[in-house]
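The next block holds one structure in the form of structure tokens; read it before the comments.
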């Protein structure tokens, strides 16, 4: 496994790989890796000659300074995990090289990016779109793998790829969960013990809405009520949103279809958790 | 000479060319071609295996609807000119394919992009940066050729290339002039006869400032005065700006150096003309 810090060295390496006709799959991460990331690597491994992972805690996508400062970092453990998962190449860029200052160029996103997380994390998706575009320009992957856990990110990245005409297939991969249903996330590490015990309620609320739909409830309002009923049973949990949305536009839907998306964001203590699912199940 | 409308067909063609190790030079244009464009093609011809020209009147870089509507179009003459200049490939994309609606992704530019033209043409450079980035992603050139006549555009494109890490060498090429000194521009065609007669005053004002510098005037204020003296001698000419700026930041400079840039923008009738030169000459 080759580990490279310098983005221009990486760019040169991948230009040569593409000239040799090798297919490249990229898994962009912010490190602090868990089984969810490994599942992305495994999918990339199945479809690509060369599997590249980037580890970069992208400051410009954090709207909250504390969230950025507290974001967990574990580069050594990450590299060990990637090596044993059969990764070929790891890009570990510096802030200074990835985002040289003054930063005068930004990829801005509107539409679906302005809803849900966009309301609660202003600027977040511009930061995501900018760093993902830079990674695509540096490494030139033919495929890129993103978790469905960050469903809106997947929608925004797909839109960016389509509008900017990147020759990249964006592959969305199913959310990996703890045995109690909590969606795997690097931020779970920051949950206090009592909050960790409460956290599976988010997935249970989503399952309750799916059950209500399976039982015949087809209104967005009805499914939202089913989620709120579960979520409000837990003390000290703050709901940012619990909605049913169109899977492309992310606008609220009232007449629910199987691919309509249940999306939830809550705070437990200082940690913000998100989760989602298709109404008809994943 | 191959002429292609479909951007994905072009993308595939150029991916194959790069795999064959051929060097690609791109000359992005908005058509209505003149000798200035031909000089860009000639420079590309000298340095690249494959010379590609794009012709696309990029609606999103026009802040003025009338300017967009009146922008001259002459595709047949353009293609004849490019064929005889030895161009290999012409991309003629449609609006719908280049900028699919709704347009939710935009490359925004700040810093140098907010000064000079940025003040008078809000949004202009975001439109330029977005289409140039798309062309780079579609065609993947190793070199791209831009005229120094649009000096600020050259600065903004260089910054975009550097920040987004495009593996593209941006080559600035000298302004080509009419015998009377007027910088060649597609918009010159729209000048009324009386205004066309007045138009060389812009270059004369720049030459006057260069002469003042050569004679020992080293203050920005002094050079600006020399330009205004010439420009104000012409009736019905409206000055947007006549400044001396740093060639990277485009901020006003008072202690002038040889590479400080004289930049002028004026209106003659409904036509807006720009020109520039290094203080020490080009």
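Residue numbers (the numbering used here), protein chains in the order written: chain A, 193 to 474; chain B, 193 to 474.
The C-beta atom is built at its ideal place from N, Cα and C for all residues, glycine as well.
Keep in mind that this is a model prediction, so the values were computed, not measured.
Within the stretch 249-279 of chain A, no residue has its Cβ closer than 7 Å to any Cβ of chain B.
A distance below 7 Å between beta-carbons, with the five flanking residues on each side excluded, links residue 445 of chain B to the following residues of its chain, in chain order: 412, 436, 437, 438, 452. Only those residues of the stretch 340-363 of chain B whose C-beta falls short of 8 Å from the nearest C-beta of chain A are listed: 351, 352, 354, 355, 356, 357, 358, 359.
Inclusion of residue 324 of chain B and residue 349 of chain B in the CB contact set at 8 Å is warranted, their separation being smaller than that value. Per DSSP, residue 447 of chain A is not a residue of any alpha helix (DSSP H), being assigned neither H nor E. Each of A/386, A/240, A/362 was checked against the Cα of residue 428 of chain A, and the nearest Cα belongs to A/386.
In this structure, the beta-carbon distance from residue 458 of chain A to residue 423 of chain A falls below 8 Å.
Proximity of chain A to residue 203 of chain B at the Cβ level (cut-off 8 Å) is accounted for by 357, 359, in chain order.
The C-beta of residue 473 of chain A has fewer than 16 other C-beta atoms within 10 Å across all chains shown, which makes the residue exposed. DSSP, reduced to helix, strand and coil, places residue 197 of chain B outside both helices and strands of the structure shown, so it counts as coil. Restricted to the stretch 273-334 of chain A, the alpha helix (DSSP H) segments that are unbroken, complete and at least 4 residues in length are 287-290, 309-312, 316-331, listed in chain order. The continuous alpha helix (DSSP H) containing residue 387 of chain B extends over residues 385-390. With a cutoff of 8 Å on beta-carbon distance, residue 342 of chain B and residue 395 of chain B are scored as not near each other.
For the pair residue 275 of chain B and residue 193 of chain B, the Cα-to-Cα distance works out to about 6 Å. Put simply, the backbone Cα of residue 319 of chain A is about 14 Å away from that of residue 292 of chain A.
Against chain A, a Cβ distance below 7 Å from residue 326 of chain B picks out 356, 357. Residue 220 of chain B counts as buried, since no fewer than 16 other beta carbons sit within 10 angstroms of its beta carbon.
Interface flag for residue 440 of chain A against chain B is unset, since no Cβ pair is found closer than 8 Å.
For residue 334 of chain B, the closest alpha carbon among the candidates B/362, B/279, B/299 is that of B/362. If you draw a 10 Å sphere on the C-beta of residue 296 of chain A, you find 16 or more other C-beta atoms in it, and that means buried. The count of Cβ pairs closer than 8 Å, one atom from the stretch 226-241 of chain A and one from the stretch 367-378 of chain A, reaches three, so the stretches are in contact. Scanning A/313, A/302, A/248 for the CA closest to the CA of residue 286 of chain A turns up A/248. Residue pairing from DSSP places residue 436 of chain B in a beta bridge opposite B/454. Residue 434 of chain B sits away from residue 450 of chain B, with the two beta carbons spaced by 8 Å or more.
Residue 297 of chain A has a beta carbon lying within less than 8 Å of a beta carbon in chain B.
CA-to-CA, the gap between residue 337 of chain B and residue 391 of chain A works out to about 55 Å.
Taking 8 Å as the threshold, the shortest C-beta distance from residue 244 of chain A to chain B does not fall below it. For residue 213 of chain B, no beta strand (DSSP E) run applies, since DSSP gives it neither H nor E.
Chain B places no beta carbon closer than 8 Å to that of residue 314 of chain A, leaving this residue out of the contacts.
In the three-state scheme derived from DSSP, where H, G and I count as helix and E and B as strand, residue 338 of chain A is classed as strand. Sixteen is the threshold: since fewer than 16 other Cβ atoms of the shown chains lie within 10 Å of the Cβ of residue 441 of chain A, the residue is exposed. With a beta-carbon spacing of about 5 Å, residue 243 of chain B and residue 217 of chain B fall inside the 8 Å limit used to define contacts.
Residue 225 of chain B is not a Cβ neighbour of residue 259 of chain B, given a cutoff of 8 Å.
Exclusion of the five residues before and after residue 246 of chain A leaves 220, 283, 327 as the residues of its chain whose Cβ lies within less than 6 Å of its Cβ.
Counting along the chain, residue 464 of chain A sits inside the beta strand (DSSP E) bounded by residues 463-470. Under the three-state reduction of DSSP, residue 411 of chain B is assigned to strand.
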